[in-house]
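Numbered per full-length UniProt numbering, the sequence shown spans residues 1 to 186. In what follows, a structure is listed as structure tokens, so that the remarks can point back to it.
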Amino acid sequence: MKPQPLSPAPRDGINQTRAFRVLASVEDLLIAVLVFAIFCVVLAGILSRFVFHVSLSWNIEISVTLMIWMTFIGIAVGVRDKVHVAFELFEDKLSGRWLTCASLVQMLLMGFLLVALAWGGWQFTELGFSQLTPSGIPQWISFAAIPAGSALGLLHLAAHAWDVAAHVDLDSGAHRGHGHTETRTQ
């Protein structure tokens, strides 16, 4: 049996700090609350129409707004949990510095996308400050999900980039590259 080379003890990444664990819990709780709220709003619309024979004018707008928020918070959670789209074509053939470089390039490209989303979302939010939906809900509330979710995604992406650049847990087999989260079996 070949002896295993000694490797430095794996360091905890920035994502394991208390602040990021609390943020992850808040994000998960927020998504759960949004899903439950969508369920309640849609159920209220169904009950009002088929039981009370009254159509609600606001339930579709509210459920769509909640769905938008859930989607953009979900994007941030996807970045946090590394379950987003990644270029894995060459990652299995890379190791060491090349794998680190490829991961950082992927994160840079994703960062550009998230910055563009945040910028465009902020512009939509500014337009929505003076607009109301037909039910009287300020339009900026829906649009604010875009820069908020993008900013959270950028925060998680920056934390992953920091970990990759600091070589945190790169050689432990916990992941290969940025988007691949499977563990290796020995």
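Just so it is clear, CB atoms sit at the ideal spot from N, CA and C, and this is done for glycine as well.
### Message
Do Leu34 and residue 192 count as a contact pair if the criterion is CB distance below 7 Å?
### Response
Residue 192 lies beyond the range of the chain shown here (1 to 186); nothing can be said about it.
### Task
Ignore the nearest five residues each way along the sequence and tell me which others in Trp98's own chain have a CB closer than 7 Å to its CB.
Counted from its first residue, the sequence shown places residue 98 at position 98. Excluding residues within five positions, none has a Cβ falling inside 7 Å.
### Query
When you compare only the Cα positions, how much space is there between Ala44 and Ile137?
Taking the first residue of the sequence shown as position 1, residue 44 is located at position 44. Taking the first residue of the sequence shown as position 1, residue 137 is located at position 137. Those two C-alpha atoms are separated by around 18 Å.
### Task
Look at the alpha carbon of Ile60 and the alpha carbon of Ser95, and state the distance between them as a whole number of angstroms.
Residue mapping note: residue 60 aligns to position 60 of the sequence shown, counting from 1. Residue mapping note: residue 95 aligns to position 95 of the sequence shown, counting from 1. Straight-line Cα distance between these residues: approximately 50 Å.
### Query
Taking contact to mean at least 3 C-beta pairs separated by less than 8 Å, is the segment 46-54 in contact with the segment 127-136?
no
### Query
How about Ile125 and Ala144: do their beta carbons lie closer than 7 Å?
The residue you call residue 125 lines up with position 125 of the sequence shown. The residue you call residue 144 lines up with position 144 of the sequence shown. In the sequence under discussion, the amino acid at residue 125 is Thr, which differs from the Ile named in the question. A contact, by the Cβ cut-off of 7 Å.
### Query
Straight-line CA distance for His178 to Ile14?
By one-based count along the sequence shown, residue 178 stands at place 178. By one-based count along the sequence shown, residue 14 stands at place 14. Bear in mind that the predicted position of His178 carries a pLDDT of just 49, short of 50, making it too unreliable to give a figure here.
#### Entry: First and last residue of the uninterrupted alpha helix (DSSP H) at Leu157
Counted from its first residue, the sequence shown places residue 157 at position 157. Looking at the DSSP string, the run of the alpha helix (DSSP H) that includes Leu157 is Ala145 to Ala165.
### Neighbourhood of Ile141 by C-beta, 8 Å cutoff - its chain only, sequence neighbours within 5 removed
Along the sequence shown, read from residue 1 onward, the residue named residue 141 stands at position 141. The residues are Thr65 and Gly128.
### Task
Report yes if the CB atom of Leu108 is closer than 7 Å to the CB atom of Ser150, and no otherwise.
Translated into positions along the sequence shown, residue 108 becomes position 108. Translated into positions along the sequence shown, residue 150 becomes position 150. Cβ atoms of Leu108 and Ser150: not closer than 7 Å.
### Message
Helix, strand or coil, according to DSSP, for Leu132 in the structure here?
### Response
Indexing the sequence shown from 1 puts residue 132 at position 132. Here Leu132 sits in strand by DSSP.
#### Entry: Limits of the alpha helix (DSSP H) - the one that Asp28 falls within
The sequence position of residue 28 within the sequence shown is 28, counting from 1. That run of the alpha helix (DSSP H) goes Arg18 to Phe50.
### Query
Whose C-beta lies closer than 7 Å to the C-beta of Ala161 among residues of the same chain, with five residues either side of it excluded?
Here residue 161 refers to the residue found at position 161 when the sequence shown is read from its first residue. These residues qualify, in order along the chain: Leu104 and Met107.
### Query
Exposed or buried, Val77, counting other C-beta atoms within 10 Å across all chains shown (16 or more means buried)?
Taking the sequence shown and counting its residues from 1, the one referred to as residue 77 is at position 77. By the 10 Å Cβ count, Val77 comes out buried.
### Task
Return the CA-CA distance between Gln186 and Lys93, expressed in angstroms with no decimal places.
The residue given as residue 186 occupies position 186 in the sequence shown. The residue given as residue 93 occupies position 93 in the sequence shown. With a pLDDT of 41 at Gln186, under the threshold of 50, the modelled position of that residue is not reliable, and the figure given next carries that caveat. About 18 Å.
#### Entry: Cβ neighbour criterion (16 or more within 10 Å) applied to Ala165
Here residue 165 refers to the residue found at position 165 when the sequence shown is read from its first residue. The residue in question, Ala165, is exposed, as its Cβ has fewer than 16 Cβ neighbours within 10 Å.
### Continuous alpha helix (DSSP H) stretch holding Glu91: start and end
Counting from one through the sequence shown, the residue named residue 91 turns up at place 91. Neither: Glu91 is in no alpha helix (DSSP H) and is coded neither H nor E.
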